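Novice: In the UniProt record's numbering, the protein residues as written are 1 to 237.
C-beta atoms are modelled at their ideal positions from N, C-alpha and C, and glycine is treated no differently.
Computed from a predicted structure; not experimentally measured.
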Amino acid sequence: MLKIRNLVAGYGKLKVLKQISMHVKAGEIVTIIGANGAGKTTLLTTVAGLIRAASGDIEFRDQPITSLPAQKIPALGCVMVPEGRQVFAPLSVEENLILGGHVLRREGRQALTEQLAHQYELFPILKQRRSQYAGTLSGGEQQMLAMARALMSRPSLIMMDEPSTGLAPLIVQEIFRVIVRLREEGKTVLLVEQNAKAALGIADRGYVLETGKVILQGSAQDLLANRDVQRAYLGRE
Ligand code: ATP
1 MLKIRNLVAG YGKLKVLKQI SMHVKAGEIV TIIGANGAGK TTLLTTVAGL IRAASGDIEF
61 RDQPITSLPA QKIPALGCVM VPEGRQVFAP LSVEENLILG GHVLRREGRQ ALTEQLAHQY
121 ELFPILKQRR SQYAGTLSGG EQQMLAMARA LMSRPSLIMM DEPSTGLAPL IVQEIFRVIV
181 RLREEGKTVL LVEQNAKAAL GIADRGYVLE TGKVILQGSA QDLLANRDVQ RAYLGRE
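(1) Using the C-alpha atoms, what's the distance from Tyr120 back to Glu237?
(2) Helix, strand or coil, according to DSSP, for Leu216 in the structure here?
(3) When the distance is taken between beta carbons, is Gly101 closer than 8 Å to Ser153?
(4) So does the region 80-88 actually touch the region 112-119, counting three or more Cβ pairs closer than 8 Å?
(5) Looking only at its chain, what residues have a beta carbon closer than 8 Å to the beta carbon of Gln19, apart from the 5 residues adjacent to it on each side?
(6) If distances are taken between C-alpha atoms only, which option among Ile98, Arg177, Leu2 and Leu14 comes closest to Gln63?
(7) Could you check whether the Cβ of Gly49 sits closer than 7 Å to any heavy atom belonging to the ligand ATP?
(8) To the nearest angstrom, how far is the alpha carbon of Leu182 from that of Val189?
(9) When you get a sec, list the residues whose CB is within less than 5 Å of any heavy atom of the ligand ATP, chain order please.
(10) Taking C-alpha atoms, which residue in Gly37, His23 and Ile33 lies nearest to Tyr11?
(11) Note down the Cα distance separating Gly49 from Ile98, rounded to an integer number of angstroms.
(12) In whole angstroms, what separates the C-alpha of Met159 from that of Leu191?
(13) Excluding sequence positions up to five away, which residues of its chain have a Cβ less than 7 Å from the Cβ of Leu234?
(14) When you compare only the Cα positions, how much space is there between Ala146 and Asp204?
(15) Under the DSSP definition of a beta bridge, which residues are partnered with Asp161?
(16) Only counting the same chain, and skipping five residues up and downstream in sequence, which positions put a Cβ closer than 6 Å to that of Ser219?
(17) Measuring only the C-alpha atoms, how far is Gly129 from Gly34?
(18) Please classify Gln143 as buried or exposed, where buried requires at least 16 neighbouring CB atoms within 10 angstroms.
(19) Under the three-state reduction of DSSP, which class applies to Val87: helix, strand or coil?
(20) Count the other C-beta atoms from every protein chain shown that fall within 10 angstroms of the C-beta of Lys228, then say buried if there are 16 or more, exposed otherwise.
(21) Rounding to the nearest angstrom, what Cα-Cα distance links Phe60 and Ile125 in this structure?
(22) At what residue ranges does the region 79-126 contain a whole run of the alpha helix (DSSP H), taking only runs of 4 or more?
(23) Do you know whose CA, among Phe88, Ala26 and Ile29, lies nearest Gly135's CA?
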């Protein structure tokens, strides 16, 4: 689904990603864990086309996307839910969702209505809040809206940047439950998380990033059992 080879990227002269290689297979949940500043957000942003790679390549469904403009990538089926729940505060929940479904325009009203219904089924709270301004939602509801808006375009790969940040444990559970459900529906998820324990708890595989390099990779089970991972990211000695 996604192949990243020897990716180098950053901000001007600062190279944050130093020869990153990784892949995500169809139907997997893959998590990227690592300390603050390791380059996790930079990696997702580069795949999404918002930062240009200095070298290396990115393929999505066997198509090179390294040099594609960011606005072309969602239509291929690759979307990102950025950190910090960037919903359109002055618009209603439903207007936010409709905006997320703009790539369905060509298919007509029916496709849009079906997707709306599907998102309301995944996130019942959003149905209750459909007419409410997005800016008045709680943090957890805004995170759900950001996810639902990204899902409106029926992506095959959804990349999520720290969806659990700042949320109460029960809400985090709810969000992770939806991520697992997405995999059951055949979607592929690339999940960046500070909450390594929760992320590895649902993921199939994981990568550990440190200062722009992959220092460890493996099945989620192996990473959970790994002493170094436990010490550095799971708060266990
Ligand atoms: P966090 O969990 O804090 O988001 P991260 O692993 O996602 O961490 P990045 O946000 O990718 O890390 O940041 C990696 C490095 O790039 C950091 O040293 C950061 O200061 C730098 N950086 C991030 N965004 C920019 C920017 N817009 N301009 C310049 N440097 C940046």
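Specialist: Looking at the coordinates:
(1) Locating residue 237 in the sequence shown gives position 237, counting from the first residue. Locating residue 120 in the sequence shown gives position 120, counting from the first residue. Reliability of the predicted coordinates at Glu237 is poor, the pLDDT of 49 falling under 50, and no value is obtained from them.
(2) Along the sequence shown, read from residue 1 onward, the residue named residue 216 stands at position 216. Three-state result, Leu216: strand.
(3) The count along the sequence shown starts at 1 and reaches residue 153 at position 153. The count along the sequence shown starts at 1 and reaches residue 101 at position 101. Contact: yes.
(4) no
(5) Your numbering for residue 19 matches position 19 in the sequence shown. The answer, listed in chain order, is Asn6, Leu7, Val8, Gly56 and Lys213.
(6) Here the question's residue 63 lines up with position 63 in the sequence shown. When each option's Cα is compared against that of Gln63, the closest is Leu2.
(7) Here residue 49 is taken as the residue at index 49 of the sequence shown, counted from 1. No, the beta carbon of Gly49 sits no closer than 7 Å to any heavy atom of the ligand ATP.
(8) For the purposes of this step, residue 182 is taken as the residue at position 182 of the sequence shown. For the purposes of this step, residue 189 is taken as the residue at position 189 of the sequence shown. Approximately 8 Å between the Cα atoms of the pair.
(9) Tyr11, Val16, Asn36, Gly37, Ala38, Gly39, Lys40, Thr41 and Thr42
(10) As a working mapping, residue 11 is identified with position 11 in the sequence shown. Comparing Cα positions, the closest option is Gly37.
(11) Sequence index remark: in the sequence shown, residue 49 carries index 49 (1-based). Sequence index remark: in the sequence shown, residue 98 carries index 98 (1-based). The alpha-carbon atoms of Gly49 and Ile98 are separated by roughly 23 Å.
(12) Here the question's residue 159 lines up with position 159 in the sequence shown. Here the question's residue 191 lines up with position 191 in the sequence shown. Computed Cα separation, rounded: 6 Å.
(13) Along the sequence shown, read from residue 1 onward, the residue named residue 234 stands at position 234. Annotation for Leu234: Ala196 and Lys197 place their beta carbon closer than 7 Å to its own, counting only its chain and skipping 5 residues before and after.
(14) Start at 1 with the first residue of the sequence shown, and residue 146 comes out as number 146. Start at 1 with the first residue of the sequence shown, and residue 204 comes out as number 204. Each residue's Cα considered, the two are about 23 Å apart.
(15) One-based indexing of the sequence shown puts residue 161 at position 161. According to DSSP, Asp161 bridges with Val192.
(16) Counting from one through the sequence shown, the residue named residue 219 turns up at place 219. Cβ within range, chain order: Arg205.
(17) Position 129 of the sequence shown holds residue 129. Position 34 of the sequence shown holds residue 34. Position check: residue 129 holds Arg in this sequence, whereas Gly was assumed. Spanning the two alpha carbons is a distance of roughly 35 Å.
(18) By one-based count along the sequence shown, residue 143 stands at place 143. When all chains shown are included, Gln143 counts as buried.
(19) For the purposes of this step, residue 87 is taken as residue 87 along the sequence shown, with counting starting at 1. Val87 falls in the coil class under three-state DSSP.
(20) Here residue 228 corresponds to residue number 228 of the sequence shown, with the count starting at 1. As written in the sequence, residue 228 is Asp, which differs from the Lys given in the question. With fewer than 16 Cβ atoms within 10 Å of its Cβ, Asp228 is classed as exposed.
(21) What you label residue 60 is simply residue 60 of the sequence shown in a count that begins at 1. What you label residue 125 is simply residue 125 of the sequence shown in a count that begins at 1. The alpha-carbon atoms of Phe60 and Ile125 are separated by roughly 33 Å.
(22) 93-100 and 109-122
(23) Translated into positions along the sequence shown, residue 135 becomes position 135. That would be Phe88, whose Cα lies nearest to the Cα of Gly135.
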